[in-house]
Amino acid sequence: MPSSVITSFKYNPGRQTLQVIFVSGSVYDYKNVPEDVYRQMVAAASKGAFLNREVKTRFRFKKIK
1 MPSSVITSFK
11 YNPGRQTLQV
21 IFVSGSVYDY
31 KNVPEDVYRQ
41 MVAAASKGAF
51 LNREVKTRFR
61 FKKIK
């Protein structure tokens with residue numbers, strides 16, 4: 001998963017939370033993300049572009065760190 005902005009990401013299906021860890025060290029939880037959106041992100045050629053286009057614009061988030 002090479003990305004210039006995202007170190008890693010994981011999904012909690014029970015809570016429908018997508019957690020994204022950025023290269024900067026910041027950690028964000030995106031809430032109420034359907035599992036199919038997570039699967040699309042896994043398959044996306046550019047994780048950062050997908051996050052910007054499909055996640056940041058549609059889902060509420062909380063900065064964890």
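Just so you know, full-length UniProt numbering puts 55 at position 55 of the sequence shown, and the rest follows in order with no gaps. We put the beta carbon where it would ideally sit given N, CA and C, even for glycine.
Presumed contact (8 Å Cβ cut-off) between Val20 and Tyr28, rounded CB distance: 5 Å
Ser8 to Phe22 span [Cα, whole Å]: Roughly 7 Å separates the two Cα atoms.
Three-state secondary structure assigned by DSSP to Phe22: strand
Local Cβ density within 10 Å of Lys31, reported as buried at 16 or more and exposed below that: exposed
Among Phe50, Leu18, Pro13, Glu35, nearest to Ser3 - alpha-carbon criterion: Phe50
Counted within 10 angstroms of its Cβ, other Cβ atoms place Lys10 as buried (16 or more) or exposed: exposed
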